[in-house]
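Q: Can you keep this structure in mind? I'll have questions shortly.
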Amino acid sequence: MLRSILYSVFLCILVMAPVWLAAQEIDYDSLLQRIDTVENPVYKPVVSFSYGMLNFRGDVKNSYTSAAVGNPAGRVNVATFIDRRHHFIANFNFTMGRLNGSEYAHGEIGRNLNFQTDLYAVGVNAEYRFGHILPASFLVRPYLSLGVENINFSAKGDLVDGNGETYYYWSDGTIRNVDESMPGPAAILHRDYLYETDLRKREQQEFGLGDYSQRSLAFPAGLGVHFRIHDRAFFTLGVEYHYALTDVMDNVAYKGTSIRGKQGNDSFIFSHLSLHFDLFSDPRTRTVELLYADVEFDPVLFDDEDGDFVLDVADMCPGTPFGVEVDSLGCPFDSDGDGVPDYLDREPGTAPGVWVNESGETVTEEQYLAGMQYRNEAMNREDANAYMDIIRDNYRVDPVAEIPDRFRSLDADGDGYISFDELLKTVDAYFDFELDLTLEELREVNEFFFSQ
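Dropping the structure here:
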């Protein structure tokens, strides 16, 4: 029994040990970072994209009445705050979709109607999100909106089939190619749902009517709920009722059309799902790095006056023109080694040891001396000394000591002088087991190099 108890205690310790150890770990991120709230962030416009359904409410009625059923439509919206407390929002939007209606009346043959119109709307509205009541951190936020818009429409009708046969509706519910009152055989037709007839033009040509505008103002009123999913993104479920200042969107009106409708203007409903993206506003919080935050660095250490991406403290060639390629020391490249950087060199590939002018062009000794002869002022001492040095040294520096025979193979260029690069290559070859030298001989090579 005692053994069983001890075994159970031991097992619990093994299971809980990782939890205890994890609790003792120090959260270094919390020590090295601090999250500060931005006091007055700058809010920029929010862009949103909507997809939803348009449902027509007018004289030509559909068999369905649900606001969630209809024709697809899309919207692009830009929103911005219009007050300091951010309780009210102005929305500027463009909506594009399609409205239609199909009405069947077996008891009244003349009321078998249909239409379809493309709808384009440009509008603005004011939105209230109950900021006076709900805190800013609330994830779910209802809203109300009211606005004005300009709508464009052009009603079309499906009045003939693909063969050009006109639809005639009979009292038995069928569609035929002749009127029910006409004698003789009648073929049954089926609607092709292609809205080929311009209803306003038909009104003008056949009835002398249709003198109305296909543009109108409308007043949308909406409500819905915003759901925040991120500091910079949220989605919306909403519905809008659009009351138009026209009664001819379906080409059926109380007056002015061949088919008389009820008194009152047309309207439609837009039910939508929207995604909003706040891409440009300042963040609400900022992460402050605390590592070295209390150290006051000298800005000179991080300055790069000529913009060559080499800090001034390490830049051996300050004042390099912007955009010129430089080496790790900040000096422009000089491919031919004539002392004139490539971006100024008019003669690339200058032969080694020749005289050049300030443009990198070769200058012969005769040209150089002739230039000295016709000078009106004394020659710069620096140039004169440089010229004398080149003549005296015969364009190279003679070695001080002769290379021992056993080390001559290390003089790769055969100039009688072991250069620093040749010394480095010798050391690398020794450690790569490519040279038959002892450590003592390697030390002698090093001493000989510094004695030259």
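In case it helps, the working numbering puts the sequence shown at residues 693 to 1144.
C-beta atoms are modelled at their ideal positions from N, C-alpha and C, and glycine is treated no differently.
Small disclaimer: the values here were computed from a predicted structure and weren't measured.
(1) Tell me whether the beta-carbon of VAL1002 lies closer than 8 Å to the beta-carbon of ASP996.
(2) Quick one: residues in its chain with C-beta nearer than 8 Å to the C-beta of ALA1104, no 5 flanking neighbours on either side, listed in chain order?
(3) Quick check: what's the CA-CA separation for ARG868 versus TYR861?
(4) Looking at the structure shown, is GLU841 part of a helix, part of a strand, or coil, going by DSSP?
(5) Should VAL1089 go down as buried or exposed, given a rule of 16 or more other Cβ atoms within 10 Å for buried?
(6) Is it true that the region 828-838 meets the region 913-923, where meeting means three or more beta-carbon pairs spaced less than 8 Å apart?
(7) Apart from the five residues on each side of it in sequence, which residues of its chain come closer than 8 Å, Cβ to Cβ, to PRO1010?
(8) Starting from the Cα of PRO975, find the closest Cα among ARG726, LEU724, TYR735 and give me that residue.
(9) May I ask you to report which of helix, strand or coil DSSP gives LEU811?
(10) Would you mind giving the Cβ-Cβ distance between PRO1024 and ASP1034, rounded to the nearest angstrom? I have them listed as a contact below 8 Å.
(11) Using only CA atoms, which one of GLN1144, ARG1135, TYR904 lies nearest to GLY1108?
(12) Grab me the residues of THR1130's own chain with a C-beta within less than 8 Å of its C-beta, minus the 5 sequence neighbours each way, in chain order.
(13) If you follow the beta strand (DSSP E) that ALA671 is in, where does it begin and where does it stop?
(14) Measure the beta-carbon distance from LYS848 to GLU888 and round it to whole angstroms, keeping in mind my assumption that it falls under 8 Å.
(15) Looking only at its chain, what residues have a beta carbon closer than 7 Å to the beta carbon of SER846, apart from the 5 residues adjacent to it on each side?
(16) When DSSP labels each residue in this structure, what does THR938 get in the three-state scheme?
(17) What is the rounded straight-line gap between the Cα of GLY930 and the Cα of HIS964?
(18) Under 8 Å Cβ to Cβ from LEU713, same chain only, skipping five residues before and after it: list those, please.
(19) Under a Cβ-count criterion, where at least 16 other Cβ atoms within 10 Å of its own Cβ denotes burial, should MET1008 be classed as buried or exposed?
(20) ASN1138 by DSSP, collapsed to three states: which one?
(21) Which residue marks the beginning of the beta strand (DSSP E) containing LEU915, and which one marks its end?
(22) Using DSSP with H/G/I as helix, E/B as strand and the rest coil, what is ASP1034?
(23) Is it right to say GLY914 is buried, meaning 16 or more other beta carbons lie within 10 angstroms of its own, or is it exposed?
(24) Does the beta-carbon of GLY799 have 16 or more other beta-carbons within 10 angstroms, so that it is buried, or is it exposed?
(25) What would DSSP say about LYS1117, mapped onto helix, strand or coil?
(26) Suppose only complete runs of 3+ residues qualify. What are the beta strand (DSSP E) ranges in the region 753-815, listed by chain order?
(27) Report all residues from its chain with a CB closer than 7 Å to the CB of PHE899; omit the five preceding and five following residues, and keep chain order.
(28) Mark PRO764 as exposed unless 16 or more other C-beta atoms lie within 10 angstroms of its C-beta, in which case mark it buried.
(29) Can you tell me which of GLY839, PRO877, ASP939, LEU805 puts its alpha carbon nearest to the alpha carbon of PHE911?
(30) Under three-state DSSP, which class holds LEU831?
(31) Which value, in whole angstroms, describes the spacing of the CA atoms of PRO1091 and LEU1127?
(32) Grab me the residues of SER1027's own chain with a C-beta within less than 6 Å of its C-beta, minus the 5 sequence neighbours each way, in chain order.
(33) Quick one: using the 10 Å Cβ neighbour count with 16 as the cut-off for buried, is ASN678 buried or exposed?
(34) Can you tell me the Cα-Cα spacing of GLU895 and GLY902, whole angstroms?
(35) Do VAL761 and ASN806 have their C-beta atoms within less than 8 Å of each other?
(36) What's the gap between the Cα of ASN754 and the Cα of GLY793?
A: A quick look at the data gives this:
(1) In contact: VAL1002 and ASP996 (Cβ atoms closer than 8 Å).
(2) If we look at ALA1104 and ignore the five residues flanking it on each side, its Cβ neighbours are GLU1114, LYS1117.
(3) Rounded to the nearest whole angstrom, the C-alpha separation of ARG868 and TYR861 is 6 Å.
(4) In this structure, GLU841 counts as strand in the three-state DSSP scheme.
(5) For VAL1089, the pLDDT reaches just 48, beneath the cut-off of 50, and the residue's location in the model is therefore unreliable, although a value from the coordinates is still provided. Around the beta carbon of VAL1089, fewer than 16 other beta carbons lie within 10 angstroms, which makes this residue exposed.
(6) By the Cβ test, the region 828-838 is in contact with the region 913-923, since at least three Cβ pairs between them sit closer than 8 Å.
(7) So the qualifying residues of the chain are GLU997, ASP998, ASP1004, GLY1022.
(8) The option with the nearest alpha carbon to PRO975 is TYR735.
(9) DSSP places LEU811 in strand when its eight states are reduced to three.
(10) Rounded, the Cβ-Cβ distance is 7 Å, consistent with contact.
(11) Ranking the options by Cα distance to GLY1108, first place goes to GLN1144.
(12) Nothing listed; no residue qualifies.
(13) Residue 671 lies beyond the range of the chain shown here (693 to 1144); nothing can be said about it.
(14) Sure, about 7 Å apart at Cβ, within 8 Å.
(15) A distance below 7 Å between beta-carbons, with the five flanking residues on each side excluded, links SER846 to the following residues of its chain, in chain order: THR809, ASP810, GLN906.
(16) Note: THR938 maps to coil in three-state DSSP.
(17) About 6 Å.
(18) For LEU713, the predicted model reports a pLDDT of 48, less than 50, meaning its position is unreliable and no value from the coordinates is stated.
(19) Exposed.
(20) If DSSP states are grouped into helix, strand and coil, ASN1138 belongs with the helices.
(21) Looking at the DSSP string, the run of the beta strand (DSSP E) that includes LEU915 is 907-922.
(22) Coil, per DSSP.
(23) Flag for GLY914 reads buried.
(24) By the neighbour-count definition (other C-beta atoms within 10 Å, threshold 16), GLY799 is an exposed residue.
(25) LYS1117: helix per DSSP, three-state reduction.
(26) Counting only runs of 3 or more, we get 763-773, 780-795.
(27) Around PHE899, the same chain offers SER950 as residues with beta carbons nearer than 7 Å, after the five sequence neighbours per side are excluded.
(28) Under this definition PRO764 is an exposed residue.
(29) Per the Cα distances, GLY839.
(30) Shown here, LEU831 sits in coil according to DSSP, grouped into three states, outside any helix or strand.
(31) Its pLDDT being 49, under 50, PRO1091 is placed unreliably by the model, and the measurement read from it follows with that caveat. Cα to Cα, PRO1091 sits roughly 24 Å from LEU1127.
(32) Taken in chain order, the residues that qualify are ASP1034.
(33) Outside the displayed range of the chain (693 to 1144) lies residue 678, so it cannot be described from this structure.
(34) Answer to the nearest angstrom: the Cα atoms are 5 Å apart.
(35) Contact: no.
(36) So the alpha carbons of these two residues sit roughly 5 Å apart.
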